[in-house]
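First up is the structure itself, then whatever we jot down about it.
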Amino acid sequence: MKKFSKVIRGYNTNEVNAFVDEVIKQVEEMVKQIEIKDNEINVLKEKLNHFQAIESTLNRAIFAAEEASDQIKKTARQESFMLIDDAKKNASRIVNEALINAERTEYDAAMLQKNIILFKRKLKCIIESQLAIVDDIDKVEL
Numbered sequence: 010m011k012k013f014s015k016v017i018r019g020y021n022t023n024e025v026n027a028f029v030d031e032v033i034k035q036v037e038e039m040v041k042q043i044e045i046k047d048n049e050i051n052v053l054k055e056k057l058n059h060f061q062a063i064e065s066t067l068n069r070a071i072f073a074a075e076e077a078s079d080q081i082k083k084t085a086r087q088e089s090f091m092l093i094d095d096a097k098k099n100a101s102r103i104v105n106e107a108l109i110n111a112e113r114t115e116y117d118a119a120m121l122q123k124n125i126i127l128f129k130r131k132l133k134c135i136i137e138s139q140l141a142i143v144d145d146i147d148k149v150e151l
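Everything in the sequence shown is counted per the numbering used here, starting at 10 for the first residue and increasing by one.
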């Protein structure tokens, strides 16, 4: 605390006035500092509100992205099951067609085998009859 020197009618006026001026300067400086801090607080509050709005928007976007991701996964699973079912059906159809073709091929091979045997018999008969004719040529006298 400041001590003032005493004069005839109380304290020294110049000292008191200088002290009051100093106190006024300090109070004015403090008021300026408070105003600056209040402005900074307001700016920071505005930024905070802005960032909270951004955070809220990002949270909604993340939630929407998660829902879209879940839907995409669900759709992909359904499509994969459908593809697997189609593949199984196609595989069964291909196997059945292959079995039918194999049976046809076996039948065709058996028919060819029978035809070859018949051809051989007929050819043998023709050759034997031709040999008989050749043998008969020797018997014919000229």
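For every residue, glycine included, the Cβ atom is placed at its ideal position computed from N, Cα and C.
_What residue range does the alpha helix (DSSP H) around I125 cover?_
Residues T22 to K148.
_Short Cβ contact (9 Å threshold) for N21 with K15_ = Yes, the pair counts as a contact, with Cβ atoms nearer than the cut-off.
*Roughly how many angstroms lie between the CA atoms of I43 and F28, to the nearest whole one?*
Straight-line measurement puts the Cα of F28 at about 22 Å from the Cα of I43.
*Tell me, which residues are paired with K12 by DSSP?*
Its beta-bridge partners do not exist; DSSP assigns none.
*asked:* Could you compute how far the alpha carbon of I103 sits from the alpha carbon of I93?
replied: So the two alpha carbons sit approximately 15 Å from each other.
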